[in-house]
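In numbering that gives the first Met the number 0, the protein residues as written are 0 to 241. Here the structure comes first, spelled out in structure tokens, and everything after it is commentary.
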Amino acid sequence: MEQKEEIIFQSNQLLNLLADTFFNIEQNQNIYYKFQNIQAIQCDIKKVGSIIETITSDGLETINKVKSHDDFIVKNQTNANEQYIIPFNKFNDKYELFNNGNNNNNNNNNNNNNNNNNNNNNNNNNNNNNNNSNNNNSDNNSNNNDNNNNDNNNNNKWLLYKPKNNEHNKIKAIKVNKEILNFLKNNNNEKNNTILYEFYLIASWGEKMIFKENDYLVIPFINNNEIYRISNKEFNETYKLY
């Protein structure tokens with residue numbers, strides 16, 4: 000069995016090595032955008048501390064821990080349905096509910112219906128005080144239930160979101176090839192060609208993330224101080240050249 004040895008890069012170290020030679024960060028090249036919808040669920044206090052494994056079509060990519068009750072767990076719409084965590088602010092920068100327009104129309108219709116109901120209630124007030132009191136209590140209970148359901152991402156249900164049409168969903172990406180792997184190996188002073196090396200980076204959340212030949216190494220378009228991996232199959236299922 001071949002010996003394996005890990006080569007691990009800190010994010011800033013890997014960025015510095017690849018920025019000028021391969022990424023051309025200052026130039027608008029190799030820009031992609033996310034076109035695929037996602038499913039997501041907002042966490043609650045019970046999920047804080049939970050471990051999420053990101054498992055792609057070629058195995059375990061990384062792990063992450065839910066750090067806040069308003070984090071989102073995202074499920075990509077790929078064959079692997081890989082999951083990962085996005086903090087609240089970053090999620091809102093990148094995604095919006097797929098059915099926002101329908102929700103707005105429904106809200107307008109509901110408001111009109113409520114106004115009609117209020118007019119009917121006013122006309123019947125003199126004859127139906129007791130009934131109205133009961134109905135109002137029921138309506139209040141219903142409204143309270145609706146408000147509770149709307150809080151915390153509709154009561155923690157998986158919902159469909161679409162990528163926003165903005166720069167937060169643009170990335171710069173390079174496909175990892177033998178040239179890049181050899182370059183990284185040599186810069187790490189690894190010269191033994193009889194050893195099988197596995198390459199990792201330390202992701203922004205502090206955990207190891209594997210990257211392999213034919214994967215993509217990715218830098219957010221508007222945040223050049225972060226780098227992460229997207230496996231080949233999942234990249235082609237979720238991103239297109241801009």
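In this text, a Cβ means the ideal position worked out from N, Cα and C, and glycines have one as well. All values reported here derive from a predicted model rather than from experimental measurement.
With distances taken Cα to Cα, identify the nearest neighbour of residue 76 among 240, 241, 234.
Among 240, 241, 234, the Cα nearest to that of residue 76 is on 234.
On the three-state DSSP scale, how would you describe residue 192?
Three-state result, residue 192: coil.
Indicate whether the contact test is met: 3 or more Cβ pairs, each with one atom in the stretch 168-177 and one in the stretch 45-52, closer than 8 Å.
They do not touch, by the three-pair rule.
Where does residue 53 fall in DSSP's three states?
Residue state, collapsed to three classes: strand.
Nearest to residue 192 (by Cα), restricted to the options 83, 240, 180:
Of the candidates 83, 240, 180, the one whose C-alpha sits nearest the C-alpha of residue 192 is 180.
Relative to the alpha-carbon of residue 239, which residue among 224, 215, 223, 225 has its alpha-carbon at the smallest distance?
When each option's Cα is compared against that of residue 239, the closest is 215.
Give the secondary structure of residue 226 by DSSP, where H, G and I count as helix, E and B as strand, and everything else as coil.
Residue 226 falls in the coil class under three-state DSSP.
With 16 other CB atoms within 10 Å as the buried threshold, where does residue 56 fall?
Residue 56 comes out exposed.
Nearest by alpha-carbon distance to residue 217: which of 195, 175, 183 is it?
Taking the Cα of residue 217 as reference, the smallest distance to any Cα among 195, 175, 183 is reached at 175.
Which stretch, first to last residue, makes up the beta strand (DSSP E) that contains residue 61?
Unbroken beta strand (DSSP E) run through residue 61: 58-64.
Under 8 Å between the Cβ atoms of residue 7 and residue 201?
Pairing residue 7 with residue 201 gives a Cβ-Cβ distance under 8 Å.
Is the separation between the beta-carbon of residue 44 and that of residue 68 shorter than 8 Å?
Taking 8 Å as the Cβ cut-off, residue 44 and residue 68 qualify as a contacting pair.
Compute the distance between the beta-carbons of residue 39 and residue 83, then report whether it is under 8 Å.
Contact: no.
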